[in-house]
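Enquirer:
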Amino acid sequence: MLPPGDFHWGDDAMKIPAILAMLAALSACAANPAVPASVSVAAPAATDVEIVRDDTGWQARFHFAEDAPIWAFERSALLRREETPWRPKSWEVATPGVSLVRIGDFDALVADTGTVPREVVIRFRPLAEDIIADYDPAIILSDGSLAIYGGHFNAFPMDSREAVAALREPKEYPTRIALTAAGAPLLFDGQRVTRAEAVGDRYVYVGDVALAPGDPVATILDPGLPGWISGQLRDFTPSVFRDFEAMLGAHKSSRPMVIASWAGSEFRGASTGGSVSPGLITMRLEGTQLLKETPGALHRMRWFIAHEAAHFWLGQTVGYATPDEAWITEGGADYLAMGAALRADAGFDVIDFLAKARSDCAAALAKGPLADARRRNDQRAYYACGSLFAAAVEAAGRPRGKGFADFVRTLIATDKDGKLTAQEWLTAARKFGVSSEQIARIETLRAGMPDAVPVIADLLGD
Numbered sequence: 017m018l019p020p021g022d023f024h025w026g027d028d029a030m031k032i033p034a035i036l037a038m039l040a041a042l043s044a045c046a047a048n049p050a051v052p053a054s055v056s057v058a059a060p061a062a063t064d065v066e067i068v069r070d071d072t073g074w075q076a077r078f079h080f081a082e083d084a085p086i087w088a089f090e091r092s093a094l095l096r097r098e099e100t101p102w103r104p105k106s107w108e109v110a111t112p113g114v115s116l117v118r119i120g121d122f123d124a125l126v127a128d129t130g131t132v133p134r135e136v137v138i139r140f141r142p143l144a145e146d147i148i149a150d151y152d153p154a155i156i157l158s159d160g161s162l163a164i165y166g167g168h169f170n171a172f173p174m175d176s177r178e179a180v181a182a183l184r185e186p187k188e189y190p191t192r193i194a195l196t197a198a199g200a201p202l203l204f205d206g207q208r209v210t211r212a213e214a215v216g217d218r219y220v221y222v223g224d225v226a227l228a229p230g231d232p233v234a235t236i237l238d239p240g241l242p243g244w245i246s247g248q249l250r251d252f253t254p255s256v257f258r259d260f261e262a263m264l265g266a267h268k269s270s271r272p273m274v275i276a277s278w279a280g281s282e283f284r285g286a287s288t289g290g291s292v293s294p295g296l297i298t299m300r301l302e303g304t305q306l307l308k309e310t311p312g313a314l315h316r317m318r319w320f321i322a323h324e325a326a327h328f329w330l331g332q333t334v335g336y337a338t339p340d341e342a343w344i345t346e347g348g349a350d351y352l353a354m355g356a357a358l359r360a361d362a363g364f365d366v367i368d369f370l371a372k373a374r375s376d377c378a379a380a381l382a383k384g385p386l387a388d389a390r391r392r393n394d395q396r397a398y399y400a401c402g403s404l405f406a407a408a409v410e411a412a413g414r415p416r417g418k419g420f421a422d423f424v425r426t427l428i429a430t431d432k433d434g435k436l437t438a439q440e441w442l443t444a445a446r447k448f449g450v451s452s453e454q455i456a457r458i459e460t461l462r463a464g465m466p467d468a469v470p471v472i473a474d475l476l477g478d
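Residue numbering for the sequence shown follows my numbering, starting at 17 and increasing by one per position.
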């Protein structure tokens, strides 16, 4: 799943199946009619996780599929403000002989001796805090209703601490996740249920909600949100979805849902965190600068809503192949959102938007290659540099009356697996009309350089 987008303003200034055995079996059936046509294939081992709420609170009951001294968590991002692991603030290991520790880039359950027991219980308090480039563990609204993200319970076995410390990317391991809340109503995958199965990398909303069948976007809004923000979410969100659908075609999800939470006004400035998982946009807003509607805050809010909406096309319908190429979706969504905000209000400051992207991209590339930005906790680089690459595509199409949205529509129509590599994106850009010189500039920038300002200027035609 895509990493979520995070944006900040003000004082704080944002799988392949194994089929060879089946083919061999089918081949044998064709050669020998006596062999039955149906072949029974054992299901692969998988960890089962039961997330439950009862009178004592929330628990996650892990039933591991094999013995291992360490089970590391696929998603182990840090808290944005503290830049520390979030699980120690939320999780408590209830099973003796197991510790929750940080090893390199990963949180992990580690056996004190031998292997981790096959069954481990974690007590947890849902944590609604902003984490870096990943989905918030929980979304908690002012009325006590909440949504819990299943992906943070995916874990994979490892043989040693040294092996975990050397990992560059997480491993994947089959995991079945289910959630219940003592019979409370749940909203999952667009359906009302009391038990959510196959949660995977998605949120489960705990609480009742009225869904109007005719609404193009279902919204769950925190009662504590400032009124003007609630109004924008109700009005501008469906409008921007219609706008994007007209330009980009249909996205692959069913009716989108938006959950927006208000984290209060203690933060000086304005802060918004957003993410998109299948069929769902989540938003987390806070800060004094969002209490009252101002032209600047209105422009930012519209742009933020449009960025998250754009991910239904550039992110979910077609996305990047690896997180190192997040500039494809994040920068692209930034640029699409800029256009949407400008169409909504000609007063949106495009010059300032692109100037900040230029400055932030150059600063990020001075530290190293764009692909490694996330390892430097510099996710902003993907947004800033990616939006400049999108601007170059826009400029190449302009003489033919085409724009970046047409390029994205082509990506969606021609991509075969829904995953784009950087080279596939660049090849598509060439076909769209981006010159060889411009492609070379993008490649140079992606590699990182001490002073990227002149190359960025050439890329943008200064």
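Cβ atoms here follow ideal geometry from the backbone N, Cα and C, with glycine treated the same way.
As the structure is a prediction and not an experimental result, all values here were calculated from the model.
Which stretch, first to last residue, makes up the alpha helix (DSSP H) that contains residue 378?
Expert: By one-based count along the sequence shown, residue 378 stands at place 362. It spans 366–381 - the alpha helix (DSSP H) in which residue 378 sits, taken as one unbroken run.
Enquirer: Hey, quick one: how far does the alpha helix (DSSP H) through residue 329 stretch, first residue to last?
Expert: In the sequence shown, counting from the first residue as 1, residue 329 sits at position 313. No alpha helix (DSSP H) holds residue 329; DSSP gives it neither H nor E.
Enquirer: If I follow the unbroken alpha helix (DSSP H) through residue 263, where does it start and stop?
Expert: Within the sequence shown, the letter at position 247 stands for residue 263. Segment 243–264, the alpha helix (DSSP H) holding residue 263.
Enquirer: Within the continuous beta strand (DSSP E) that includes residue 147, where are the two ends?
Expert: Working through the sequence shown from its first residue, we reach residue 147 at position 131. Looking at the DSSP string, residue 147 is not in any beta strand (DSSP E), and its letter there is neither H nor E.
Enquirer: Alpha carbon to alpha carbon, what distance is there between residue 250 and residue 242?
Expert: Stepping through the sequence shown from its first residue, residue 242 is reached at position 226. Stepping through the sequence shown from its first residue, residue 250 is reached at position 234. Each residue's alpha carbon lies about 13 Å from the other.
Enquirer: Would residue 285 and residue 348 be called neighbours here (beta carbons separated by less than 8 Å)?
Expert: As a position in the sequence shown, residue 285 is number 269, starting the count at 1. As a position in the sequence shown, residue 348 is number 332, starting the count at 1. No. Outside cutoff.
Enquirer: Closer than 8 Å by C-beta to residue 412: which residues in its own chain qualify, once you throw out the five before and the five after it? Chain order, please.
Expert: The residue given as residue 412 occupies position 396 in the sequence shown. Only 445, 448, 449, 450, 451, 454 meet the Cβ criterion.
Enquirer: Closest by CA to residue 274, which one among 144, 247, 78, 295?
Expert: The residue you call residue 274 lines up with position 258 of the sequence shown. For residue 274, the nearest C-alpha among the options comes from 295.
Enquirer: Among the candidates 394, 122, 475, whose CA atom is the shortest distance from the CA of residue 178?
Expert: The residue given as residue 178 occupies position 162 in the sequence shown. The shortest Cα separation from residue 178 among 394, 122, 475 belongs to 122.
Enquirer: Between residue 125 and residue 164, is the Cβ-Cβ spacing less than 8 Å?
Expert: As a working mapping, residue 125 is identified with position 109 in the sequence shown. As a working mapping, residue 164 is identified with position 148 in the sequence shown. Cβ distance not < 8 Å, so residue 125 and residue 164 don't count as in contact.
Enquirer: Taking just the CA atoms, how far does residue 176 sit from residue 478?
Expert: Taking the first residue of the sequence shown as position 1, residue 478 is located at position 462. Taking the first residue of the sequence shown as position 1, residue 176 is located at position 160. Near 53 Å, if we compare the C-alpha coordinates of residue 176 and residue 478.
Enquirer: Classify residue 278 as helix, strand or coil using the three-state DSSP reduction.
Expert: Residue 278 sits at position 262 when you count from the first residue of the sequence shown. Residue state, collapsed to three classes: strand.
Enquirer: Look up residue 135 in the DSSP assignment and say whether it is helix, strand or coil.
Expert: Position 119 of the sequence shown holds residue 135. Strand at residue 135.
Enquirer: With DSSP as the reference, label residue 283 as helix, strand or coil.
Expert: As a working note, residue 283 is residue 267 in the sequence shown. Reduced to three states, the DSSP call for residue 283 is coil.
Enquirer: Thinking residue 148 and residue 395 are a contact (beta carbons under 8 Å), I'd like their distance in whole angstroms, please.
Expert: Your numbering for residue 148 matches position 132 in the sequence shown. Your numbering for residue 395 matches position 379 in the sequence shown. Confirmed, about 7 Å.
Enquirer: May I ask you to report which of helix, strand or coil DSSP gives residue 316?
Expert: Position 300 of the sequence shown, counted from the start, is the residue given in the question as residue 316. DSSP places residue 316 in helix when its eight states are reduced to three.
Enquirer: For residue 268, which residues from the same chain have a beta carbon less than 6 Å from its beta carbon, with the 5 sequence-adjacent residues on both sides left out?
Expert: Residue 268 sits at position 252 when you count from the first residue of the sequence shown. So the list reads 333, once near-sequence residues are dropped.
Enquirer: Which same chain residues end up closer than 7 Å to residue 293 when comparing Cβ atoms and leaving out the 5 residues on each side of it in sequence?
Expert: Within the sequence shown, numbered from 1, the residue matching residue 293 stands at position 277. Closer than 7 Å at the Cβ level, and outside the excluded window around residue 293, lie 17, 151, 217, 218, 219.
Enquirer: On the CB-based measure, 16 or more other CB atoms within 10 Å of its CB, does residue 36 come out buried or exposed?
Expert: As a working note, residue 36 is residue 20 in the sequence shown. Here the model assigns residue 36 a pLDDT of 33, short of 50, so the residue's position is not dependable and the matter cannot be decided.
Enquirer: Just how far apart, CA to CA, sit residue 340 and residue 71?
Expert: To locate residue 340, count along the sequence shown from 1; it is residue 324. To locate residue 71, count along the sequence shown from 1; it is residue 55. Their backbone Cα atoms lie some 43 Å apart in a straight line.
Enquirer: Indicate the three-state DSSP secondary structure (helix, strand or coil) for residue 69 in the structure shown.
Expert: Counting from one through the sequence shown, the residue named residue 69 turns up at place 53. The answer is strand: DSSP assigns residue 69 an E or B state.
Enquirer: How far does the alpha helix (DSSP H) with residue 106 in it extend, from its first residue to its last?
Expert: The sequence position of residue 106 within the sequence shown is 90, counting from 1. Where residue 106 is concerned, the enclosing alpha helix (DSSP H) stretches over 103–106.
Enquirer: In this structure, what does DSSP give as the bridge partners for residue 174?
Expert: Here residue 174 refers to the residue found at position 158 when the sequence shown is read from its first residue. Paired residues: 86.
Enquirer: Check whether the segment 184–195 touches the segment 61–70, taking contact to mean three or more Cβ pairs, one atom from each stretch, closer than 8 Å.
Expert: Counting Cβ pairs under 8 Å, three or more are found: they touch.
Enquirer: Would you mind sorting residue 303 into buried or exposed? The rule is 16 or more other CB atoms within 10 Å of its CB.
Expert: As a position in the sequence shown, residue 303 is number 287, starting the count at 1. The residue is buried, with at least 16 neighbouring Cβ atoms inside 10 Å.
Enquirer: Can you give me the start and stop residues for the alpha helix (DSSP H) that residue 409 sits inside?
Expert: Residue mapping note: residue 409 aligns to position 393 of the sequence shown, counting from 1. Note, residue 409: alpha helix (DSSP H), 396–413.
Enquirer: Could you check whether residue 87 and residue 171 sit closer than 8 Å to each other, using their CB atoms as the reference points?
Expert: Residue numbering aside, residue 171 sits at position 155 when the sequence shown is read from its first letter. Residue numbering aside, residue 87 sits at position 71 when the sequence shown is read from its first letter. The answer is yes: Cβ separation under 8 Å.
Enquirer: Using 8 Å for Cβ pairs, my map puts residue 130 next to residue 85. What's the rounded Cβ distance?
Expert: Looking up residue 130 in the sequence shown gives position 114. Looking up residue 85 in the sequence shown gives position 69. The Cβ separation is near 7 Å, so the contact holds.
Enquirer: Expressed to the nearest angstrom, what Euclidean distance is found between the alpha-carbon atoms of residue 373 and residue 407?
Expert: For this step, residue 373 is matched to residue 357 along the sequence shown. For this step, residue 407 is matched to residue 391 along the sequence shown. Their backbone Cα atoms lie some 11 Å apart in a straight line.
Enquirer: Express the C-alpha separation of residue 342 and residue 119 in angstroms, rounding to a whole number.
Expert: For the purposes of this step, residue 119 is taken as the residue at position 103 of the sequence shown. For the purposes of this step, residue 342 is taken as the residue at position 326 of the sequence shown. Cα to Cα, the separation comes out at about 25 Å.
Enquirer: Specify the secondary structure class of residue 304 as computed by DSSP and reduced to three states.
Expert: If you number the sequence shown from 1, residue 304 lands on position 288. Helix, per DSSP.
Enquirer: Among all the DSSP beta bridges, which residues are the ones paired with residue 454?
Expert: Counting from one through the sequence shown, the residue named residue 454 turns up at place 438. Residue 454 pairs with nothing; no bridge assigned.
Enquirer: Quick one: is the Cβ of residue 387 within less than 7 Å of any heavy atom of the ligand NAD?
Expert: Ligands in the displayed structure: none, and consequently the ligand NAD is not present.
Enquirer: Is residue 38 helix, strand or coil when you go by DSSP?
Expert: For the purposes of this step, residue 38 is taken as residue 22 along the sequence shown, with counting starting at 1. Bear in mind that the predicted position of residue 38 carries a pLDDT of just 33, short of 50, making it unreliable; the figure below should be weighed with that in mind. If DSSP states are grouped into helix, strand and coil, residue 38 belongs with the helices.
Enquirer: Determine the closest residue to residue 89 out of 80, 97, 371, with distance taken between C-alpha atoms.
Expert: Looking up residue 89 in the sequence shown gives position 73. Comparing Cα-Cα distances from residue 89 to each of 80, 97, 371, the minimum goes to 80.
Enquirer: For residue 99, which residues of its own chain have a beta-carbon under 8 Å away from its beta-carbon, when the five flanking residues on both sides are left out?
Expert: As a working mapping, residue 99 is identified with position 83 in the sequence shown. Excluding residues within five positions, the ones whose Cβ falls inside 8 Å are 148, 393.
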